[in-house]
Amino acid sequence: MKHNNIRPDNGLTQNKSVEATTLNSTSQIISQAYREGRKALLETEAKAICLDYQIPVTSFKLSKNEKEAAQFSEEIGFPVVLKVVSPDIIHKSDVGGVIVNLKNTTEVRNAFRTILENAKKFAAAAEITGILVQEMAPQSIEVIVGAVKDPQFGQTLMFGLGGIFVELLKDVTFRVAPITREDAHEMVTKVKAFPLLDGYRNTPPADLDAIINTLLNTSKLIMDYPEIKELDLNPLMAYEKGAIIVDARIILE
Ligand code: ADP
Ligand code: MG
88 MKHNNIRPDN GLTQNKSVEA TTLNSTSQII SQAYREGRKA LLETEAKAIC
138 LDYQIPVTSF KLSKNEKEAA QFSEEIGFPV VLKVVSPDII HKSDVGGVIV
188 NLKNTTEVRN AFRTILENAK KFAAAAEITG ILVQEMAPQS IEVIVGAVKD
238 PQFGQTLMFG LGGIFVELLK DVTFRVAPIT REDAHEMVTK VKAFPLLDGY
288 RNTPPADLDA IINTLLNTSK LIMDYPEIKE LDLNPLMAYE KGAIIVDARI
338 ILE
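Everything in the sequence shown is counted per this note's numbering, starting at 88 for the first residue and increasing by one.
See below:
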C-alpha cells in the first residue's frame with residue numbers, strides 16, 4: 088500500500104515504536120488542554136496529533152513576534168501562510184486571521200501585524216497564543232475528513248469535497264468507526280462529486296490511497312480517544328500523488 092508523501096512506510100518494528108510514542112504524545116496534549124480548561128485544541132495541537140497518527144500536515148512553527156515570523160518563514164520556505172492561534176478563535180478566517188501566499192519577509196511582517204489588528208478588531212477579548220507560520224500547500228482539489236460523536240452510534244466518520252459540496256449540497260458520506268479499508272474506499276467513491284476526484288477533464292485523478300489512509304488513521308485516532316467529540320480536517324488538499332492537511336480542528340468532550 089502506498090503511503091502519504093511525508094512519512095515513508097517503515098515496516099512493522101518501527102511502526103510499533105512509532106505507535107508507542109504516538110499515544111503518549113497525543114494523550115499529553117489532551118490532558119494538558121483539560122488541565123487548562125480548554126476543550127477546543129489549538130491548530131498546533133491538533134496537527135501534532137495528526138502527525139502522531141501518520142496524517143500528513145503542512146510544516147508549521149509558532150511565532151511570538153514579527154522577527155520570529157520572518158525567520159521561521161525563511162526556514163520553512165516561501166510562499167508561506169500566517170494564521171492566528173487563539174483558544175478563543177475557532178474559525179480563523181472569519182476574523183481575518185488567515186493570510187495566504189506570502190512571498191517574502193516584508194509580506195510576512197505586514198501580515199503578522201494585520202492579523203493581530205484583525206484579531207483585536209473582531210475578537211477584542213481573545214487571548215492570542217501566537218501567529219502560526221506554515222508551508223503553503225499548492226492549490227488543488229480540497230476534501231474534508233470529519234468525525235462526530237453521535238449520541239446513538241458513537242464515533243462516526245464523515246467525508247466530502249470542500250466548499251459548496253459539503254456546505255450547500257450536503258454531499259457527504261458517513262460511516263460508524265472503526266472503519267475498514269473497504270469502508271473508507273466506499274466513503275470516498277460514494278459521494279456524488281466523486282467524478283471530480285477521479286480525473287475530470289484536464290485534471291489528473293487524485294491519489295485515493297492517500298485519502299483513504301487519512302480516513303483510516305483518523306478512525307484509529309477517534310477510537311483510541313473517545314474524548315474527541317468533533318474533528319475537522321478541513322481542508323485536506325488532494326493531489327495526483329499524496330494529500331496534505333492544511334487545517335485541523337479537534338474539540339474535546
Ligand atoms: P479556518 O479556521 O477559517 O477554517 P483555515 O486554516 O482552514 O482557517 O484557512 C482558510 C483557508 O485558507 C483554507 O480553507 C485553505 O483554502 C487556505 N489555507 C489555509 N492554510 C493553507 C496552507 N497551509 N496552504 C494552502 N492553503 C491554505
Ligand atoms: Mg479550515
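Where a beta carbon is used, it is the ideal one built from N, C-alpha and C, also for glycine.
Contacts around Asp285, its chain only, beta-carbon distance under 6 Å, and the 5 residues preceding and following it disregarded: In the sequence shown, residue 285 corresponds to position 198, counting from 1. Pro292.
Proximity test, Asp181 beta-carbon vs the ligand MG heavy atom, cut-off 8 Å: Locating residue 181 in the sequence shown gives position 94, counting from the first residue. Result no, Cβ not under 8 Å from the ligand MG.
Cut-off 8 Å between Cβ atoms - residues of its own chain near Ala264, not counting five sequence neighbours on either side: Numbered from its first residue, the sequence shown carries residue 264 at position 177. For Ala264, where only same-chain residues beyond five positions count, the Cβ hits under 8 Å are Ala234, Gly241, Gln242, Thr243, Leu244, Ser306, Ile309 and Met310.
Inter-residue spacing [alpha-carbon to alpha-carbon] between Ile202 and Ile186: Here residue 202 corresponds to residue number 115 of the sequence shown, with the count starting at 1. Here residue 186 corresponds to residue number 99 of the sequence shown, with the count starting at 1. For Ile202 and Ile186, the distance between alpha carbons rounds to 8 Å.
Near the ligand NAD: Asn321 beta-carbon under 8 Å from a heavy atom: Among the ligands present in this structure, namely the ligand ADP and the ligand MG, the ligand NAD is not found.
Proximity below 9 Å, CB of Ser173 to CB of Ile215: As a first step, residue 173 must be located in the sequence shown, where it is residue number 86. As a first step, residue 215 must be located in the sequence shown, where it is residue number 128. A contact, by the Cβ cut-off of 9 Å.
One or two residues paired with Leu129 in a DSSP bridge: The residue labelled residue 129 in the question sits at position 42 within the sequence shown. For Leu129, which the question treats as bridged, DSSP gives no partner whatsoever.
Candidates Lys190, Lys179 and Ile142: closest to Gly164 by CA position: Translated into positions along the sequence shown, residue 164 becomes position 77. Considering only Lys190, Lys179 and Ile142, the residue with the shortest C-alpha distance to Gly164 is Lys190.
Any non-hydrogen atom of the ligand ADP closer than 8 Å to Val275 Cβ: By one-based count along the sequence shown, residue 275 stands at place 188. Because no heavy atom of the ligand ADP lies under 8 Å away, the Cβ of Val275 does not count as near it: no.
Residue nearest to Ala322 in terms of C-alpha spacing, selected from Gln119, Glu130 and Glu123: Here the question's residue 322 lines up with position 235 in the sequence shown. This sequence places Pro at residue 322; Ala is not what is there. When the alpha-carbon of Pro322 is set against those of Gln119, Glu130 and Glu123, the nearest one is in Glu130.
Gly98 in three-state terms, based on DSSP: The residue you call residue 98 lines up with position 11 of the sequence shown. Residue placement at Gly98 cannot be trusted, given a pLDDT of 28 that sits under 50; what the coordinates show is reported in the next sentence. Residue state, collapsed to three classes: coil.
Endpoints, the beta strand (DSSP E) within which Ser150 is located: On the sequence shown, residue 150 is found 63 positions in, with the first residue counted as 1. Note, Ser150: beta strand (DSSP E), Phe147 to Ser150.
Whole-angstrom distance between Glu162 and Leu169, CA atom to CA atom: Counting from one through the sequence shown, the residue named residue 169 turns up at place 82. Counting from one through the sequence shown, the residue named residue 162 turns up at place 75. Each residue's alpha carbon lies about 14 Å from the other.
Boundaries of the beta strand (DSSP E) in which Asn188 is found, first to last residue: For this step, residue 188 is matched to residue 101 along the sequence shown. Asn188 -> beta strand (DSSP E) spans Val185 to Leu189.
Closest by C-alpha distance to Thr276, when choosing among Ile331, Thr290, Phe261 and Asn289: Taking the first residue of the sequence shown as position 1, residue 276 is located at position 189. Measuring from the Cα of Thr276, the nearest candidate turns out to be Phe261.
For Asp319, the first and last residue of its enclosing beta strand (DSSP E): The sequence position of residue 319 within the sequence shown is 232, counting from 1. Run containing Asp319: Ile315 to Ala325, per the beta strand (DSSP E) assignment.
Pair within 9 Å by beta-carbon distance, Tyr326 and Pro225: On the sequence shown, residue 326 is found 239 positions in, with the first residue counted as 1. On the sequence shown, residue 225 is found 138 positions in, with the first residue counted as 1. Yes. Within cutoff.
Under 9 Å between C-beta atoms of Leu303 and Ile266: Locating residue 303 in the sequence shown gives position 216, where the first residue counts as 1. Locating residue 266 in the sequence shown gives position 179, where the first residue counts as 1. In this structure, Ile266 lies closer than 9 Å to Leu303 by Cβ.
Proximal residues to Asp181 (C-beta, below 8 Å), its chain only, five neighbours per side dropped: As a working note, residue 181 is residue 94 in the sequence shown. Contacts found: Phe209.
Near the ligand ADP: Gly184 beta-carbon under 8 Å from a heavy atom: Locating residue 184 in the sequence shown gives position 97, counting from the first residue. Yes.
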